[in-house]
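S.K.:
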Ligand code: HEM
Ligand SMILES: [Cu+2]
Ligand SMILES: [Cu+2]
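Chains as they are written, first to last, in the working numbering: chain A, 1 to 314; chain B, 1 to 543.
#1: Is residue 257(B) near ligand 3, with its Cβ less than 6 Å from a heavy atom?
#2: Are residue 460(B) and residue 386(B) closer than 7 Å when you measure CB to CB?
#3: Anything with a beta carbon under 6 Å from a heavy atom of ligand 2 counts; list them all in chain order.
#4: Can you give the Cα-Cα distance for residue 102(A) and residue 294(A), rounded to whole angstroms?
#5: If you follow the alpha helix (DSSP H) that residue 199(A) is part of, which residue opens it and which one closes it?
#6: Counting only runs of 3+ residues fully inside the stretch 394-468 of chain B, write out the beta strand (DSSP E) ranges in chain order.
#7: Identify every run of the alpha helix (DSSP H) within the stretch 237-312 of chain A, keeping only runs that are complete inside it and at least 4 residues long; order them along the chain.
#8: Looking at chain B, is there any beta carbon in it that lies within less than 7 Å of the beta carbon of residue 58(A)?
#9: Please list the partners that residue 8(A) has in chain B, where partner means a Cβ-to-Cβ separation under 9 Å.
#10: Quick check: the stretch 191-207 of chain B against the stretch 524-533 of chain B, are there 3 or more CB pairs under 8 Å?
#11: I'd like the span of the alpha helix (DSSP H) that includes residue 33(B), first residue to last.
#12: Alpha carbon to alpha carbon, how far is residue 135(B) from residue 88(B)? Give it in angstroms, no decimals.
#13: Touching or not, the stretch 144-153 of chain B and the stretch 240-250 of chain B, by the rule of three or more beta carbon pairs under 8 Å?
#14: Measure from the C-beta of residue 157(A) to each C-beta in chain B and report whether the shortest distance is under 7 Å.
#15: Under a Cβ-count criterion, where at least 16 other Cβ atoms within 10 Å of its own Cβ denotes burial, should residue 249(B) be classed as buried or exposed?
#16: Given that residue 153(A) touches chain B, what residues does it touch there, using C-beta distances under 7 Å?
#17: By DSSP, does residue 348(B) sit in helix, in strand, or in coil?
#18: Measuring only the C-alpha atoms, how far is residue 263(A) from residue 102(B)?
#19: Using a Cβ-Cβ cutoff of less than 6 Å, which residues in the same chain neighbour residue 141(A) once the five nearest sequence positions on both sides are dropped?
#20: Residue 163(A) lies in the beta strand (DSSP E); which residues open and close that run?
#21: With distances taken from CA atoms, which of 220(A), 213(A), 173(A) is nearest residue 100(A)?
#22: If we ignore side chains and look at the alpha-carbon of each, how far apart do residue 178(A) and residue 187(A) end up?
#23: Would you mind stating whether residue 431(B) and residue 473(B) have Cβ atoms separated by less than 7 Å?
#24: From residue 35(A) to residue 358(B), what does the alpha carbon distance come to, in whole angstroms?
#25: Specify whether the stretch 384-398 of chain B and the stretch 34-54 of chain A touch according to this definition: at least 3 beta carbon pairs, one from each stretch, less than 8 Å apart.
#26: Does the Cβ of residue 351(B) have 16 or more other Cβ atoms within 10 Å, making it buried, or fewer, making it exposed?
#27: Residue 336(B) touches chain A at which residues, Cβ-Cβ below 7 Å?
#28: Please list, in chain order, the chain B residues whose beta carbon lies closer than 8 Å to that of residue 175(A).
#29: Within 7 Å (strictly less), CB to CB, does residue 535(B) reach chain A?
#30: Under a CB-based cut-off of 7 Å, is residue 494(B) close to chain A?
#31: Closest to residue 321(B) by C-alpha separation, out of 31(A), 71(A), 84(A), would be which residue?
#32: Under DSSP, the alpha helix (DSSP H) around residue 129(B) begins and ends at which residues?
#33: Listed from N- to C-terminal order along the chain, which residues in the stretch 202-218 of chain A have their beta-carbon within a distance smaller than 7 Å of any beta-carbon of chain B?
#34: Ends of the alpha helix (DSSP H) at residue 178(B)?
#35: Classify residue 31(A) as buried or exposed, calling it buried when 16 or more other Cβ atoms lie within 10 Å of its own Cβ.
#36: Could you give the first and the last residue of the continuous alpha helix (DSSP H) run that contains residue 257(B)?
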């Protein structure tokens, strides 16, 4: 038994693919380092100075060699670039069937909300074998959601949503670190990912008694904040929000925007004029927290049905 | 000192160190060689301060819960360590000490192009350093050397303003130094010293000067923007004020990446000199090495986004930055291969400067290759902001740049002082530094791969063993740095007289006396041969 591990745990689908790339890069590093070290040692010993006034034969250079040691590394670089970029791109889009979880970071803790309602702090329970998509934002400075066992990491930036995803392949507890320096408590901003068997996870979800689903909490907020006075189906002032998610809408300045999480967040914090409506939506910046915005969004997303408004196109 | 028949060299009667005495003759000097000494003393002081901060950090990390200081203090330690080592030690080290001393002599000039401006640069450096030290003493600053927003502009309440001010001021020092060197290299070369007869040190310094001139204004502006947002709450970077935090990262790294080449390029130049002198060989593939410096300088301005792969930058931008980062690796590799090839069939001696040079080549190779992990977008996901990055850049900056600086300092020391340092001690400490360095930073590659984040004052216990190993290595490294400090000072007085050319090296600086006269040469030298013309009869072989 070693006193320290030499390899991080491998607990997600991505970590397997990542490790292959890492081994390849390590092999290249070891090979070229060994080559240079060996050359240095051999030359230093074989061609050591034997007399004080020794003048060796002079060699100007060698074009063929220069080409060889430019082209071979360049080709290897192309291989690394293509391999790593493909892996990055493939992994940047979460599978369509992902379960969503929402993360709000603040100095110095992780707040997690599950759509079904449970909320956690510095802890995230997930089922094994299910792709999980995290939608993350920060209330203050930049943080970073990193899980070494899954080989994932993504900055959590105030004022925007960033996403990352993973599919755990083994159950257990894995470290969650904040990897972006975020002030005094940075090194205390650690938590755990609890990967559970699927049935156990289902029991865990239902055992969180008081939990209110995010959409339901969002609906309450929607009424409390008076959104419904303008956005009720019959309301004259604002557009109906039914079925808008995923639609493309026209703004007053002629641009079109896709309605996604980021757009909805912006519509609440910093509303922009939309074609066909009076420009009356007030800003809610400072009145709703990032957690509440996520709940409002969950509610708006839960309003299914065909879009019932002018100006949208699929 | 081999046989008894060797004539005992004597110091020249009048040289730049004894033409006049008194503090005025130093603080108002415009002699580039004396200004080099002013810098040498100042940056050594800063190196000690930065080193003390590093020592405290390594002590703290011996135990997972932090054995020495509170996290708030730890955060100040790494911020101060990073800022001092980058801005007040390493960036000025080779250029302002070795560059100032050697550039004019090596190209056969009497001084730099603007001697008074050169002195002004030093005063600006001291002013900036003073303001920065004030920030440190009056409470410290804890933003990390990267000053990421909105943390630095809205959330921390330490001395961000004075720290930023210190960097702002010292930035002008670097700009003026860069300007001075670039003009000197263009205009002051001795008759016959054509561009392709220049020693490669000059090519590197020229490339680094260009980066100074182009990159330092960007950091100066960025510091001003930080101050504006902090004082007047102008919404530039903080989203709560309508700003964009990612914009800051673009600005910072647009400066920051070229900055790391400011740190390494001058040392690369030194290594070319050392490898040539101690192999008695013209640098293999001279023009490839020369142009690779220029290529590095140019490409280094186009790769800043590789620090932002996981920050929310678009994938397309990431792809371009990744590709260009690989591109910058190639000229670096070309240099390593050419240095190594220079030793082939050479006459290799093991004098201390050469040991440093060999250490540089090995450690820079590892640092550069591990950079490829970080240039690979997917690999960077897991490694970014972990100890892997810390290990990578220390291999480049300490294993590479600092080794190059120490090698160069030993190489030109006899010229600067007229005396030799004790060779055995010097070889020993080069060895100690090499071993201590690898013990300190080698384990950090593994730590980063295991996932230990950087800038952690406390950490989970499973990382302890490697951290203890690293701290143990650091204590060896510290010994390696203290020994030269002692024997260098000793040699000022007691070192054997060196004579004009103790290494039997080629180059104009070895043709004048040690120490040189104030105007470097009694007669303007005329250059008739290329650099490193070691061969008695100059035959161009194509082996
Ligand atoms: C000699 C030139 C050196 C330079 C230019 C240098 C540069 C840096 C920089 C830029 C950082 C990042 C600071 C930040 O994250 O804000 C850093 C961090 C660090 N350095 Fe150095 N360093 C040097 C020497 C050393 C030495 C000799 C040691 C060990 C004895 C050391 C140990 C550390 C440690 C422990 C960290 C903090 C890692 C973290 O918590 O993120 N450094 N250094
Ligand atoms: Cu953090
Ligand atoms: Cu960079």
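From the three backbone atoms N, C-alpha and C, an ideal C-beta is built for every residue, glycine too.
M.R.: In this structure, then:
#1: Mapped onto the second chain, residue 257(B) falls at position 257. Residue 257(B) Cβ: within cutoff of ligand 3.
#2: Against the second chain, residue 460(B) aligns to sequence position 460. Against the second chain, residue 386(B) aligns to sequence position 386. Result no, Cβ atoms of residue 460(B) and residue 386(B) do not sit closer than 7 Å.
#3: 143(A), 178(A), 180(A), 181(A), 182(A), 186(A), 189(A)
#4: Reading the first chain from its first residue, position 102 is the one you call residue 102(A). Reading the first chain from its first residue, position 294 is the one you call residue 294(A). Distance between the alpha carbons of residue 102(A) and residue 294(A): 7 Å.
#5: Taking the first chain and counting its residues from 1, the one referred to as residue 199(A) is at position 199. Element bounds for residue 199(A): 198-207.
#6: none
#7: 261-269, 290-302
#8: For the purposes of this step, residue 58(A) is taken as the residue at position 58 of the first chain. So yes, residue 58(A) belongs to the interface.
#9: Residue 8(A) sits at position 8 when you count from the first residue of the first chain. Within chain B, the residues near residue 8(A) are 382, 449, 450, 451.
#10: yes
#11: In the second chain, the residue the question calls residue 33(B) occupies position 33. Element bounds for residue 33(B): 32-60.
#12: Taking the second chain and counting its residues from 1, one reaches residue 88(B) at position 88. Taking the second chain and counting its residues from 1, one reaches residue 135(B) at position 135. Roughly 14 Å separates the two Cα atoms.
#13: yes
#14: In the first chain, residue 157(A) corresponds to position 157, counting from 1. Yes, contact with chain B.
#15: Against the second chain, residue 249(B) aligns to sequence position 249. Residue 249(B) comes out buried.
#16: To locate residue 153(A), count along the first chain from 1; it is residue 153. Under the 7 Å cutoff, chain B gives 310, 381, 382, 384.
#17: By 1-based counting over the second chain, the position of residue 348(B) is 348. In the structure shown, residue 348(B) sits in a strand (DSSP, three-state: E or B).
#18: As a position in the first chain, residue 263(A) is number 263, starting the count at 1. As a position in the second chain, residue 102(B) is number 102, starting the count at 1. So the alpha carbons of these two residues sit roughly 59 Å apart.
#19: For the purposes of this step, residue 141(A) is identified with residue 141 of the first chain, where counting begins at 1. 182.
#20: The residue labelled residue 163(A) in the question sits at position 163 within the first chain. That run of the beta strand (DSSP E) goes 162-167.
#21: Counted from its first residue, the first chain places residue 100(A) at position 100. The candidate whose alpha carbon is nearest that of residue 100(A) is 213(A).
#22: Counted from its first residue, the first chain places residue 178(A) at position 178. Counted from its first residue, the first chain places residue 187(A) at position 187. Using only the alpha carbons, I get a separation of about 7 Å.
#23: Along the second chain, one-based indexing puts residue 431(B) at 431. Along the second chain, one-based indexing puts residue 473(B) at 473. Not a contact, by the Cβ cut-off of 7 Å.
#24: Taking the first chain and counting its residues from 1, the one referred to as residue 35(A) is at position 35. Taking the second chain and counting its residues from 1, the one referred to as residue 358(B) is at position 358. Cα-Cα distance, rounded: 14 Å.
#25: no
#26: Indexing the second chain from 1 puts residue 351(B) at position 351. Its Cβ being crowded by 16 or more others within 10 Å, residue 351(B) is buried.
#27: Along the second chain, read from residue 1 onward, the residue named residue 336(B) stands at position 336. Within 7 Å Cβ-Cβ: 36.
#28: Your numbering for residue 175(A) matches position 175 in the first chain. 451, 460, listed in chain order.
#29: As a first step, residue 535(B) is located in the second chain; it is residue number 535 there, counting from the start. It does: the Cβ of residue 535(B) has a partner Cβ on chain A nearer than 7 Å.
#30: In the second chain, counting from the first residue as 1, residue 494(B) sits at position 494. No, no contact with chain A.
#31: To locate residue 321(B), count along the second chain from 1; it is residue 321. Closest option to residue 321(B), Cα to Cα, is 84(A).
#32: Translated into positions along the second chain, residue 129(B) becomes position 129. Note, residue 129(B): alpha helix (DSSP H), 115-137.
#33: none
#34: Looking up residue 178(B) in the second chain gives position 178. Where residue 178(B) is concerned, the enclosing alpha helix (DSSP H) stretches over 160-187.
#35: Start at 1 with the first residue of the first chain, and residue 31(A) comes out as number 31. Exposed, since its Cβ has fewer than 16 Cβ neighbours within 10 Å.
#36: As a first step, residue 257(B) must be located in the second chain, where it is residue number 257. It spans 245-279 - the alpha helix (DSSP H) in which residue 257(B) sits, taken as one unbroken run.
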